[in-house]
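Reading through the structure tokens given below for one structure.
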Amino acid sequence: MKSQKIISAIFFLTPIVVSILYLVFFRSLVEKSYYDQAPGWFSEMVEAVYPRFEVEKERFELSFFQNKADQIVIRFGLVSLFLALLAFKNTQSRLFSYYSRPLSKRHFNALYYIFYLGLLAYTWDWYQDFPQLTRMSDFYQGVHIFRWIGLDILNLKTFYVLFAAYLLSLLLVLLKIKNVLFSGLLALLLVLFQGYFFSFEKIQHSYTTLTYASLIMPFLIFEKKVQATSVSLSFGLFLIQLCIASAYFLAGLEKILVSGFNWASAETFRTYIQLHQQPWGMAVADSEFLSHVLPWCGLLLQLGFISILFSKKASYAILPLGILFHWGTRLLMGIGSFFSTWIFVYIFFLNWDKIVLKLSSKLSSVRKSKNGR
Amino acid sequence: MLTLLIYQFRQLKKAKKVNHKLIYLRLGAFLAVLLTLFIPFIFQQTFFPFYRFGMFAEPVSRDIQKEHFAIHAKSAQGLIYSDISAWVGIRKSNMDYLLRNYYYRHELDSLLRRTAALLPDSSSLTELNVLRIMNTDTTKVARLEL
Numbered sequence: 158m159k160s161q162k163i164i165s166a167i168f169f170l171t172p173i174v175v176s177i178l179y180l181v182f183f184r185s186l187v188e189k190s191y192y193d194q195a196p197g198w199f200s201e202m203v204e205a206v207y208p209r210f211e212v213e214k215e216r217f218e219l220s221f222f223q224n225k226a227d228q229i230v231i232r233f234g235l236v237s238l239f240l241a242l243l244a245f246k247n248t249q250s251r252l253f254s255y256y257s258r259p260l261s262k263r264h265f266n267a268l269y270y271i272f273y274l275g276l277l278a279y280t281w282d283w284y285q286d287f288p289q290l291t292r293m294s295d296f297y298q299g300v301h302i303f304r305w306i307g308l309d310i311l312n313l314k315t316f317y318v319l320f321a322a323y324l325l326s327l328l329l330v331l332l333k334i335k336n337v338l339f340s341g342l343l344a345l346l347l348v349l350f351q352g353y354f355f356s357f358e359k360i361q362h363s364y365t366t367l368t369y370a371s372l373i374m375p376f377l378i379f380e381k382k383v384q385a386t387s388v389s390l391s392f393g394l395f396l397i398q399l400c401i402a403s404a405y406f407l408a409g410l411e412k413i414l415v416s417g418f419n420w421a422s423a424e425t426f427r428t429y430i431q432l433h434q435q436p437w438g439m440a441v442a443d444s445e446f447l448s449h450v451l452p453w454c455g456l457l458l459q460l461g462f463i464s465i466l467f468s469k470k471a472s473y474a475i476l477p478l479g480i481l482f483h484w485g486t487r488l489l490m491g492i493g494s495f496f497s498t499w500i501f502v503y504i505f506f507l508n509w510d511k512i513v514l515k516l517s518s519k520l521s522s523v524r525k526s527k528n529g530r
Numbered sequence: 176m177l178t179l180l181i182y183q184f185r186q187l188k189k190a191k192k193v194n195h196k197l198i199y200l201r202l203g204a205f206l207a208v209l210l211t212l213f214i215p216f217i218f219q220q221t222f223f224p225f226y227r228f229g230m231f232a233e234p235v236s237r238d239i240q241k242e243h244f245a246i247h248a249k250s251a252q253g254l255i256y257s258d259i260s261a262w263v264g265i266r267k268s269n270m271d272y273l274l275r276n277y278y279y280r281h282e283l284d285s286l287l288r289r290t291a292a293l294l295p296d297s298s299s300l301t302e303l304n305v306l307r308i309m310n311t312d313t314t315k316v317a318r319l320e321l
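Chains as they are written, first to last, in my numbering: chain A, 158 to 530; chain B, 176 to 321.
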């Protein structure tokens with residue numbers, strides 16, 4: 158308990174020390190960097206972690222970047238304070254037992270097959286994009302990690318071989334053959350292909366939560382394997398839920414931290430709508446009432462999504478509202494799709510035990526009534 | 176984060192009747208998730224695949240945020256094509272980003288040469304132009320004769 162408090166104190170004091178160091182030494186380096194007067198080591202560091210700076214500084218004034226640098230320190234402070242609280246309140250066993258989710262064999266199996274079949278449905282046609290990637294090879298930049306490890310654009314044959322390995326892994330996972338290993342390989346290949354898709358100076362968030370889920374799924378499968386009982390607690394399931402809920406929560410938090418509650422003003426909403434020029438969006442922008450209400454609804458949903466982790470009842474409201482949110486974004490701005498992967502991953506919040514039981518009892522009653530005739 | 180990890184490992188060593196493998200795994204995964212979720216938005220492209228989510232967080236308060244670029248092509252018959260993405264096989268959404276980045280890196284000539292190389296031989300285009308459009312102002316910022 159004593160060492161727990163010491164750890165907590167370290168996490169509490171760290172952001173204070175970091176903030177002082179930042180204000181005294183580093184904040185001025187941002188200005189120097191903007192005017193190309195920063196020391197070499199600092200410029201190299203900026204180039205390594207934020208290469209877009211060279212382009213962005215042509216577009217924005219100094220205060221924009223100072224604000225961004227402040228944000229990094231604020232964010233670091235928030236994480237550190239959160240960890241201080243966590244270390245103070247919990248031992249690791251308490252943390253795991255409190256947040257782990259009950260996961261029966263039936264629930265796990267349903268989730269497992271639905272997730273991997275869904276992954277197949279969403280990605281089976283990615284091979285069609287490979288010719289375009291190789292065609293665009295002159296524009297290839299490589300996402301950060303690719304540049305660091307020196308990964309160049311692949312030739313078409315290699316892309317197809319890797320995609321065959323991806324589909325084979327998916328098949329083996331569905332057949333439950335060495336599924337921890339192949340689900341891990343699957344997740345890595347999924348990340349690799351997306352890395353290539355995003356190596357042309359534009360990234361997309363369409364597959365984000367799906368990717369997070371597939372990265373954690375091997376943990377969940379392993380966890381289920383080492384727990385022999387039919388009903389067990391799964392921390393992996395909680396981690397996936399945490400990722401999905403945090404994606405929404407942080408998107409909302411980012412808006413507050415960057416723009417304040419002014420973000421939800423009708424004026425900002427209308428500007429975004431006008432940038433995308435979608436017919437439904439333009440119609441909604443004409444309505445004074447909707448232009449005031451909808452941005453608040455979106456923001457509150459994003460900030461409130463995290464409550465789904467702590468209350469089962471919240472999911473009854475949050476999930477349908479989440480679907481409406483994505484459909485609304487599709488209609489008003491033309492972003493995403495009606496079958497968005499962000500909606501698909503809501504499967505991790507559903508109680509498949511109940512759903513499977515209800516479905517099977519309905520099926521058996523239908524069979525009985527047919528036999529009765 | 177490292178301190179917490181070391182502390183947790185020490186706690187685990189003390190406990191005898193736990194499945195260490197599983198707890199280490201849970202602990203590692205939990206810390207990895209925490210670390211990746213709090214990456215500031217400006218690093219959204221830096222730590223692939225651990226994206227950051229802050230889409231549209233910045234209010235559009237500057238004209239520069241409304242700026243966009245376009246490639247217009249001119250044919251031998253004098254026709255103007257405002258979207259050549261189907262011919263060169265680059266999605267328009269990708270091309271928009273390339274145009275902006277190449278413009279600010281002062282490399283538009285190189286972009287136009289690379290784009291021209293992707294045009295099919297059968298195309299009768301004679302000229303490619305890059306336009307910078309901001310509010311009602313449109314400026315031709317690069318040109319390539321084919």
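Glycine included, C-beta positions come from ideal geometry on N, C-alpha and C.
Chain-ordered chain A contacts of residue i [CB-CB under 7 Å]
i, result
"residue 251 of chain B", "What residue 251 of chain B touches in chain A: nothing, since even the nearest Cβ is about 25 Å away."
"residue 276 of chain B", "212, 358"
"residue 255 of chain B", "What residue 255 of chain B touches in chain A: nothing, since even the nearest Cβ is about 20 Å away."
Alpha carbon of residue i to alpha carbon of residue j, nearest angstrom
i, j, result
"residue 176 of chain B", "residue 172 of chain A", "Residue confidence is low: residue 176 of chain B scores 45 on pLDDT, short of 50, so the model does not pin down where it sits. No coordinate-derived value is stated."
"residue 378 of chain A", "residue 337 of chain A", "6 Å"
"residue 304 of chain A", "residue 511 of chain A", "47 Å"
"residue 484 of chain A", "residue 476 of chain A", "12 Å"
"residue 466 of chain A", "residue 260 of chain A", "15 Å"
"residue 447 of chain A", "residue 312 of chain A", "50 Å"
"residue 201 of chain A", "residue 226 of chain A", "16 Å"
"residue 223 of chain A", "residue 190 of chain A", "11 Å"
"residue 414 of chain A", "residue 228 of chain A", "8 Å"
"residue 268 of chain B", "residue 256 of chain B", "17 Å"
"residue 284 of chain A", "residue 291 of chain A", "12 Å"
"residue 427 of chain A", "residue 297 of chain B", "43 Å"
"residue 439 of chain A", "residue 491 of chain A", "12 Å"
"residue 260 of chain B", "residue 298 of chain A", "19 Å"
"residue 497 of chain A", "residue 376 of chain A", "25 Å"
"residue 295 of chain B", "residue 286 of chain A", "18 Å"
"residue 181 of chain A", "residue 174 of chain A", "11 Å"
"residue 507 of chain A", "residue 513 of chain A", "11 Å"
Proximity below 9 Å, CB of residue i to CB of residue j
i, j, result
"residue 253 of chain B", "residue 293 of chain A", "no"
"residue 474 of chain A", "residue 452 of chain A", "no"
"residue 369 of chain A", "residue 479 of chain A", "no"
"residue 272 of chain B", "residue 214 of chain A", "no"
"residue 301 of chain A", "residue 509 of chain A", "no"
"residue 408 of chain A", "residue 232 of chain B", "yes"
"residue 280 of chain B", "residue 211 of chain A", "yes"
"residue 456 of chain A", "residue 412 of chain A", "yes"
"residue 489 of chain A", "residue 437 of chain A", "yes"
"residue 310 of chain A", "residue 363 of chain A", "no"
Nearest residue (CA-CA) to residue i, options the options
i, options, result
"residue 394 of chain A", "A:371, A:409, A:414", "A:371"
"residue 268 of chain A", "A:442, A:429, A:391", "A:391"
"residue 350 of chain A", "A:328, A:318, A:208, A:498", "A:318"
"residue 242 of chain B", "B:310, B:292, B:298, B:287", "B:310"
"residue 266 of chain A", "A:331, A:325, A:240", "A:331"
"residue 315 of chain A", "A:471, A:340, A:346", "A:346"
"residue 381 of chain A", "A:262, A:306, A:280", "A:262"
"residue 317 of chain B", "B:238, B:275, B:239", "B:275"
"residue 245 of chain B", "B:295, B:237, B:258", "B:258"
"residue 168 of chain A", "A:235, A:274, A:257", "A:235"
"residue 324 of chain A", "A:307, A:335, A:366, A:343", "A:343"
"residue 162 of chain A", "A:199, A:179, A:244, A:181", "A:244"
"residue 262 of chain B", "B:237, B:305, B:239, B:293", "B:293"
Chain-order list of residues whose beta-carbon lies under 6 Å from that of residue i (same chain, five-residue window excluded)
i, result
"residue 300 of chain B", "248, 250, 321"
"residue 526 of chain A", "none"
"residue 402 of chain A", "462, 463, 465, 466"
Closer than 9 Å at the beta carbon, the chain A residues around residue i
i, result
"residue 268 of chain B", "359, 361"
"residue 293 of chain B", "292, 293, 295"
"residue 265 of chain B", "289, 292, 293, 296, 357"
Chain-ordered chain A contacts of residue i [CB-CB under 8 Å]
i, result
"residue 289 of chain B", "295, 296"
Cβ neighbours of residue i in the same chain (closer than 7 Å, five flanking residues each side left out)
i, result
"residue 187 of chain A", "222, 223, 226"
"residue 291 of chain B", "303, 319, 321"
"residue 494 of chain A", "487"
"residue 237 of chain A", "168, 171, 172"
Residues that residue i contacts on chain B, provided the C-beta gap is smaller than 9 Å
i, result
"residue 216 of chain A", "237, 239, 240, 242, 275, 279"
Close-in-space but distant-in-sequence residues of the same chain around residue i (CB under 8 Å, 5 per side omitted)
i, result
"residue 277 of chain B", "283, 285, 286"
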